[in-house]
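Colleague: According to my numbering, the sequence shown is numbered sequentially starting from 9.
Idealized CB from N, CA, C, for every residue including glycine.
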Amino acid sequence: LTYAIIIGLSFMFVKVALTIATPFDALAHRFTIAFIGVTTLKVLTKKSLKVTKKDIGIIALLAILYPTLFFAFQVFGLVNVSSSQAGIIQATIPIFTLIFASIFLK
9 LTYAIIIGLS FMFVKVALTI ATPFDALAHR FTIAFIGVTT LKVLTKKSLK VTKKDIGIIA
69 LLAILYPTLF FAFQVFGLVN VSSSQAGIIQ ATIPIFTLIF ASIFLK
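Structure (structure tokens):
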């Protein structure tokens, strides 16, 4: 329930941020805050990350595809639609995932 609330409110917060900042500024602030949070957790937990050279390519691809492109499309999309419309569109993602999976994974 907490996750659903956070995701649901993110559209509203991004829409509000876009009234005072450009889409690129909103993305930069979002990623900076996330970087500070993750770095703080890493320092406080003192756990080592064992990443091999083979893993770096996969991690780089995931870093580009999921957070970067997803949030970029979200921010630029919210320039043109309301946050409630964006929430409805995102809610249809599981439906389209099933449809496209049945087409492409035969």
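1) Run through DSSP, which three-state label would residue 46 get?
2) What's the C-alpha gap between residue 91 and residue 19?
3) Please state the DSSP three-state secondary structure of residue 91.
4) What does the Cβ neighbour count give for residue 106, buried or exposed, with the cut at 16 atoms within 10 Å?
5) Mark residue 82 as exposed unless 16 or more other C-beta atoms lie within 10 angstroms of its C-beta, in which case mark it buried.
6) Does the stretch 71-88 come close enough to the stretch 18-38 that 3 or more CB-CB pairs lie under 8 Å?
7) Going by the CB atoms, is the gap between residue 75 and residue 39 shorter than 9 Å?
8) Taking 9 Å as the cut-off, decide whether the C-beta atoms of residue 35 and residue 80 are in contact.
Modeller: In this structure, then:
1) In the sequence shown, residue 46 corresponds to position 38, counting from 1. In this structure, residue 46 counts as helix in the three-state DSSP scheme.
2) On the sequence shown, position 83 is the one that residue 91 refers to. On the sequence shown, position 11 is the one that residue 19 refers to. Roughly 5 Å between the two C-alpha positions.
3) Locating residue 91 in the sequence shown gives position 83, where the first residue counts as 1. Helix, per DSSP.
4) The sequence position of residue 106 within the sequence shown is 98, counting from 1. That one is exposed.
5) Your numbering for residue 82 matches position 74 in the sequence shown. The residue is buried, with at least 16 neighbouring Cβ atoms inside 10 Å.
6) yes
7) Within the sequence shown, residue 39 is the residue found at index 31, counting from 1. Within the sequence shown, residue 75 is the residue found at index 67, counting from 1. The beta carbons of residue 39 and residue 75 sit closer together than 9 Å.
8) Numbered from 1 along the sequence shown, position 27 holds the residue referred to as residue 35. Numbered from 1 along the sequence shown, position 72 holds the residue referred to as residue 80. Yes.
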